[in-house]
Amino acid sequence: MKLALSFTVALALAMLAGCGASPSGLCEDKCDCTGSCSERDEVECIDALEDAERTSEYEGCEDQFDEAISCIDDEFVCDGRDVDISGCARPLENLGACAGPLVSLAVYAQFE
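Structure, rendered in C-alpha cells:
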C-alpha cells in the first residue's frame, strides 16, 4: 500500500512539472479567437510551434523557447477576431538571438 501511494505521489509530481503552455493549447486559443482556422490550419500551427521547439532544443535554447511560449500564454489577448501578443516582443527577440531569427519568426507568425 505504501508503495502504491508513493508511486501515485511521484506520478502526480512528475505531471505537475510538465504543466504549462503547450503548442496545441496556444493554437487552439488562436483558432478560437480568430474563428477562421480549419482543422488543417490548427495542425499546421501546432507543427510549426513543435518544429520551433525542436530547433530551440537542438540549439540549446530551451529556456528562451519556454520563456516565449509562456509569455504568449500569459499575454495572449483576443481583440475581436485578432490575436495580440505584443507584450512578448522581448522574449521573442531573446529566442531569435539564441536559436536564430527564423525560429522566432516561425513562432510569431502563428499569432499574427
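Each residue of the sequence shown is one higher than the last, beginning at 1382 in my numbering. For every residue, glycine included, the Cβ atom is placed at its ideal position computed from N, Cα and C. Since the model is a prediction, treat every value here as computed from it, not as a measurement.
Cβ neighbours of V1484 within its own chain (closer than 7 Å, five residues either side excluded): A1433, T1436, S1437, L1476 and G1477. Under the three-state reduction of DSSP, C1459 is assigned to strand. Take the alpha-carbon of Y1439 and the one of C1479: they are about 11 Å apart. With distances taken between CA atoms, V1464 lies nearest to E1493 out of A1449, D1422, F1446 and E1493.
Distance between S1417 and E1443, taken at the CA atoms: about 31 Å. Residue range P1404 to T1415 is occupied by the alpha helix (DSSP H) that includes S1405. Between C1452 and P1472 the beta-carbon gap is near 4 Å, inside 8 Å, which marks them as a contact. No Cβ-Cβ contact shorter than 7 Å links A1449 with A1487. Ranked by how close their Cα comes to the Cα of I1427, the residues G1441, C1408 and P1482 have C1408 in first place.
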